[in-house]
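Have a look at the structure below before the remarks.
Number of protein chains: 2
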Amino acid sequence: MNDTSVLEQSAANGKAASLCELETPCLVLDRDRMEHNIARLRGRLARFDVSLRPHLKTAKSVEVARAVMTSPAGPATVSTLQEAALFAAAGVRDMIYAVGIAPAKLARVLELRAEGVDLAVVLDTVEQAEAVAAASRQAGVKIPALIEIDCDGHRSGVQPKDAARLLAIGRALDGPAELRGVLTHAGGSYGARGAVALQQCAEAERRGVVDAAAILREAGLPCPVVSVGSTPTAHHVTDLTGVTEVRAGVFVFFDLVMAGVGICAVEDIALSVLATVIGHQREKGWILIDAGWMAMSQDRGTAKQAVNQGYGLVCDIAGVPYPDVILADANQEHGVIALRPGADGALPELAIGDRVRILPNHACSTAAQHRSYHLVRGGSDRVEAEWPRFGGW
Amino acid sequence: MNDTSVLEQSAANGKAASLCELETPCLVLDRDRMEHNIARLRGRLARFDVSLRPHLKTAKSVEVARAVMTSPAGPATVSTLQEAALFAAAGVRDMIYAVGIAPAKLARVLELRAEGVDLAVVLDTVEQAEAVAAASRQAGVKIPALIEIDCDGHRSGVQPKDAARLLAIGRALDGPAELRGVLTHAGGSYGARGAVALQQCAEAERRGVVDAAAILREAGLPCPVVSVGSTPTAHHVTDLTGVTEVRAGVFVFFDLVMAGVGICAVEDIALSVLATVIGHQREKGWILIDAGWMAMSQDRGTAKQAVNQGYGLVCDIAGVPYPDVILADANQEHGVIALRPGADGALPELAIGDRVRILPNHACSTAAQHRSYHLVRGGSDRVEAEWPRFGGW
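Chains as they are written, first to last, in the working numbering: chain A, 5 to 397; chain B, 5 to 397.
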């Protein structure tokens, strides 16, 4: 709440705010690490003839979007129409709303298109395609739609070889609306381990959309866009033949789940929650902090991985992890720091008022609990800027 | 985002907005159920000589606060200084910030006290007491503090019979600051089952603070406030001798975890998330909706209970549960509706665009994902009002 005034006061005094002066809990973003992560994926994709359409649902911040997009106008992927509207207001002109469209949402899609935003929708049923076609006819505007393909059975989408359904959807769209292409997301890759398994996920993702595109094209239907994407597959794919664009989101910050899958090192994680020590239960081996699940989210994604990180990995204020020290439990505004079960070693000596930084299991859900990012670089405690973020639908 | 305009347009047209017109996902609050829940706890506590100090962390809404508090000025409990500041701006004058105080937060506490708000802090160490005393001396204002007591080993607090620590804290406060009393929270009661176990939790909670108060008073220290509270114990306590006030929070809405503990019926749950059907995977028995963990939160509190409700219990638009139909899985903006594992029966016939309401595992965490409540009464789909809520620290 008062962080901005801390930053403003510091600026007025001619000195930078420090992490020690911020209200806690709050979100810290290491800009060096973020820029490294962005450069890494861009470098990886440079060998392929594809564009990068980053998913902005992780960041929900205009400043982060501008850092991660290949141009201020996009392309980009969004998960809500609220993101589409706010990024459109910031100049983004090419977006895919990558959650199956509900017919009642088409009015807002048309509003954004009328403002000059090329916003495309995603669908996997004939009913949705007919609703898009009807809304397009009524508005005299061809809404572009991509057919979602189910490459790994984890969520929504048409089976890649279900020609009858693909063609029925494609024909319902083509003409009254616009059949923009096919899209898939290898969500199952989050559960894969090792380069071979991840490459198989990437190939299943590619194969799914390429097969579906071939069915559409053989029937004389257009399919200009062939879109794949997940952070694990984007970092392991070796062949993108037939694919036109790659989407990925969490790579911009990375997190403990991605480290557990082996996509990044813990040292690459750009996001952390700054917290203050508020108590001890020494006989239990607990240190209490003012960051509970409201600040960390309740994501326990690492509980299913080889290394269970609790609610997060505890670092010093410079962002360096204490060995085997995790946020073992969390209430709404209380976090319990403890040694990982079975670990040797000792808790750090932390006094009331000392500050720590907690690396999150899942960057998307932890960031969603906060209204802004406090920017630092590397191990410096100097806060360079505060970037707002938004939520809602 | 556009919900307000839907409500405004409807008002301008002289008709009430309906749940079918709202953007989804969004939060629905059944005012009849909320009022029933508030009346129930007030009726229960009327037999005791205690005041009710509701915890406003569940609602974070001025309108809900006014419905649940016994006067517009309080008393109330808050979990963040942001809540304290915003409720103070709405006229609340008597609050306890019930998370162990960090010394750096005392400046904001003093700011609110200077505005005429009787804001008390909570602590459990001599270091915190000395910081409160020092800040009080420096400001020339006696900050009131309550000593947190650990009645069940679940989180923070001084052991009830640890006279040395109690007296050291009390003596550090008394004089320079104000020793307002003792406070505890039977968080362990969430894991209890059955009236006998819950009454034991309530008695341990009462015993803890009454014992600690006696130690302080016998040493000549003041202890005017003796504060207990959790929703399960408040609904089962049979003896509050020596206690001056009861705190409870989630009772205002209730949720599936509280129903699982046996504190309420599913039909008492006042909060739900309105969502729209966006797809089917019929061969898997899945219906996809536009409410994932961003709308529901990732709370899986019922996973440890006898009946695992997944990410929530699925109801029709009137709020009536479909038998054994749960939100079985959730991604950021996708929810997967399925039959409970092992259940007989069938999924409801729901078409693309149909609407459902999902009862949450945990009202505090689900509400925290949203910016407003849409008010309905009973099974009506008429939206009476939209009440804003806030987050942050």
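Here a beta-carbon is modelled for each residue, glycine too, at the ideal position from N, C-alpha and C. As the structure is a prediction and not an experimental result, all values here were calculated from the model.
Query, Result
"Using a cut-off of 7 Å between C-beta atoms, extract the partners of A84/B located in chain A.", "Residue identity check: residue 84/B is Thr in the sequence provided, not Ala. Those within 7 Å of T84/B in chain A are E337."
"Could you tell me the distance, in whole angstroms, from the CA atom of D215/A to the CA atom of C227/A?", "11 Å"
"If I measure Cβ to Cβ from D4/B and keep anything under 8 Å in the same chain, skipping five residues before and after, which residues do I get?", "Absent from the model: residue 4/B. The displayed extent of chain B is 5 to 397, so no value can be given."
"Does the CB of I341/B have a neighbour CB from chain A at under 8 Å?", "no"
"Under 6 Å Cβ to Cβ from I173/A, same chain only, skipping five residues before and after it: list those, please.", "V130, A133, I151"
"So that I know if they touch, is there some Cβ in chain A lying closer than 8 Å to that of C155/B?", "no"
"Under 8 Å Cβ to Cβ from L292/B, same chain only, skipping five residues before and after it: list those, please.", "V281, I282, G283, H284, Q285, H338, G339, V340, I341"
"Straight-line CA distance for R381/A to L202/A?", "31 Å"
"Which of the three DSSP states, helix, strand or coil, is assigned to M5/B?", "With a pLDDT of only 41 at M5/B, under 50, the local geometry of the prediction cannot be trusted, and the value read off the model is given with reservation. Three-state DSSP puts M5/B in coil, outside helix and strand."
"For A217/A, is the classification buried or exposed, using 16 other Cβ atoms within 10 angstroms of its Cβ as the cut-off for buried?", "buried"
"Give every residue of the same chain whose Cβ lies closer than 7 Å to the Cβ of A116/B, excluding the five residues on either side of it in the sequence, and list them in chain order.", "The amino acid occupying residue 116/B in the given sequence is Leu; Ala does not appear at that position. Cβ within range, chain order: A88, A89, A92, L123."
"May I ask you to list, following chain order, the residues of the segment 257–283 of chain A that have a beta carbon less than 8 Å from some beta carbon of chain B?", "T280, V281, I282, G283"
"Determine whether the Cβ of A389/A lies closer than 8 Å to any Cβ atom of chain B.", "no"
"With a cut-off of 8 Å, do at least 3 Cβ pairs link the segment 202–212 of chain A to the segment 228–241 of chain A?", "yes"
"Would you mind sorting D7/B into buried or exposed? The rule is 16 or more other CB atoms within 10 Å of its CB.", "Unreliable placement is indicated for D7/B, whose pLDDT of 46 sits below 50; no coordinate value is reported for it."
"Quick one: Cα of L33/B to Cα of K64/B, how far?", "13 Å"
"Whole angstroms are fine: how far does the CA of T62/B sit from the CA of H189/B?", "15 Å"
"Which value, in whole angstroms, describes the spacing of the CA atoms of D328/B and A350/B?", "9 Å"
"Shorter than 8 Å from the beta carbon of G104/A to some beta carbon of chain B?", "yes"
"Hey, how far is the Cα of R97/A from the Cα of A367/B?", "38 Å"
"So if DSSP puts P325/A in a beta bridge, which residue, or which two residues, is it bridged to?", "C319/A"
"Name, please, each residue of chain B whose Cβ falls closer than 8 Å to the Cβ of P107/A.", "I356, G357"
"Taking C-beta to C-beta, are S369/B and W397/A nearer than 8 Å?", "no"
"Does the structure place the segment 298–313 of chain B close enough to the segment 135–144 of chain A that three or more beta carbon pairs sit under 8 Å?", "no"
"Could you spell out the range, first to last residue, of the beta strand (DSSP E) harbouring H284/A?", "275–285"
"Would you mind working out which of G78/A, R304/A, V318/A sits nearest N312/A, comparing C-alpha positions?", "R304/A"
"Between P364/A and D259/A, which are expected to be in contact by the criterion C-beta below 8 Å, what is the C-beta distance as a whole number of angstroms?", "5 Å"
"When you compare each of R221/A, G185/A, R197/A, G78/A to S55/A by their alpha carbons, which one comes out closest?", "G78/A"
"Please report the straight-line C-alpha distance between D385/B and D358/B, rounded to a whole angstrom.", "14 Å"
"Which same chain residues end up closer than 8 Å to M5/B when comparing Cβ atoms and leaving out the 5 residues on each side of it in sequence?", "Confidence in M5/B is poor, its pLDDT being 41 and thus under 50, which makes the residue's placement unreliable; the coordinate value appears in the next sentence. So the qualifying residues of the chain are E27."
"Give me the subset of the segment 190–204 of chain B whose CB atoms are less than 8 Å from a CB atom of chain A, sorted by chain position.", "G191"
"Compute the beta-carbon to beta-carbon distance between L110/B and D178/B, rounded to the nearest angstrom, for a pair I have assumed lies under 8 Å.", "Not really, about 17 Å apart at Cβ, beyond 8 Å."
"Judging by CA-CA distance, which residue of E249/B, L170/B, V213/B is the nearest neighbour of T81/B?", "E249/B"
"For the alpha helix (DSSP H) containing D215/B, name the first residue and the last one.", "199–222"
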